[in-house]
Amino acid sequence: FGAKGQFVTVGYTEKFGGIQLWDVAKGEMIFPANYRHPGGMANRALFDHVGDTVITSDEVKNCLWRNVENKLTKLAEITHGEITGIRERPSAIAFSPDDKELAFGIEAAIAIIDVKSMKIITYLGAERPEHKPEITQED
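Residue numbers (our numbering): 25 to 163.
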């Protein structure tokens with residue numbers, strides 16, 4: 025759920041695409057909803073605390089979206105390998121209380137990423153990748 029009383033679902037249908045934004049109060053999908061997660065079929069989605077930013081994730085990529093007037097605009101994408109150093113997807117994703125950072129749970133570690141730049145800030149725990157990748161960012 026987002027702070028604006030909406031929630032996002034993920035999956036894929038030919039008619040509605042892979043990411044669907046719903047108005048909970050009305051019980052209706054907000055249209056047009058034909059958004060596609062860039063890595064394929066997203067299997068999770070999470071709003072920030074304000075409801076202005078959404079992150080979707082699949083088996084390979086994470087995608088950050090801006091939610092303005094019920095329209096999603098892609099801001100950036102980052103692969104799991106860029107975060108973890110391995111291809112494995114995070115077991116959990118969470119926004120920080122101020123929505124400025126994202127935490128990605130990776131086996132025995134947590135990667136902390138700056139939302140604005142999508143750059144890795146730090147790793148907490150035992151397993152840390154050797155590289156600091158460049159992230160694909162939309163204009």
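In this text, a Cβ means the ideal position worked out from N, Cα and C, and glycines have one as well.
Is residue i near residue j, with beta carbons less than 8 Å apart?
| i | j | result |
| --- | --- | --- |
| Ile-136 | Ile-145 | yes |
| Asp-123 | Asp-82 | no |
| Ala-66 | Gly-42 | yes |
| Ile-114 | Ile-130 | It is Pro, not Ile, that sits at residue 114 in the sequence shown. Contact flag set, yes. |
| Thr-80 | Ala-69 | yes |
| Met-142 | Leu-88 | yes |
Taking 7 Å as the cut-off, does the CB of residue i come closer than this to any heavy atom belonging to the ligand HEM?
| i | result |
| --- | --- |
| Ile-43 | Because no ligand of any kind appears in the structure shown, any question about the ligand HEM cannot be addressed here. |
Since residue i is in the beta strand (DSSP E), which residue starts that stretch and which ends it?
| i | result |
| --- | --- |
| Ile-102 | 95-103 |
| Ala-69 | 68-71 |
| Val-78 | 77-81 |
Could you give the distance in angstroms between the alpha-carbon of residue i and the alpha-carbon of residue j?
| i | j | result |
| --- | --- | --- |
| Ile-46 | Lys-85 | Reading off the sequence, residue 46 comes out as Trp, not Ile. One C-alpha to the other measures close to 23 Å. |
| Met-53 | Glu-125 | 29 Å |
| Val-74 | Tyr-147 | 25 Å |
Does chain B have any CB closer than 8 Å to the CB of residue i?
| i | result |
| --- | --- |
| Val-78 | Looking for chain B here will not work: only one protein chain is present. |
For residue i, does the three-state DSSP call read helix, strand or coil?
| i | result |
| --- | --- |
| Ile-107 | helix |
| Lys-50 | coil |
| Val-74 | coil |
| Val-92 | strand |
With a floor of 3 residues, list each beta strand (DSSP E) that falls wholly inside the segment 115-156, ordered by position along the chain.
-> Within the segment 115-156, the beta strand (DSSP E) runs of at least 3 residues that lie entirely inside it are, in chain order, 116-119, 125-130, 133-138, 144-149.
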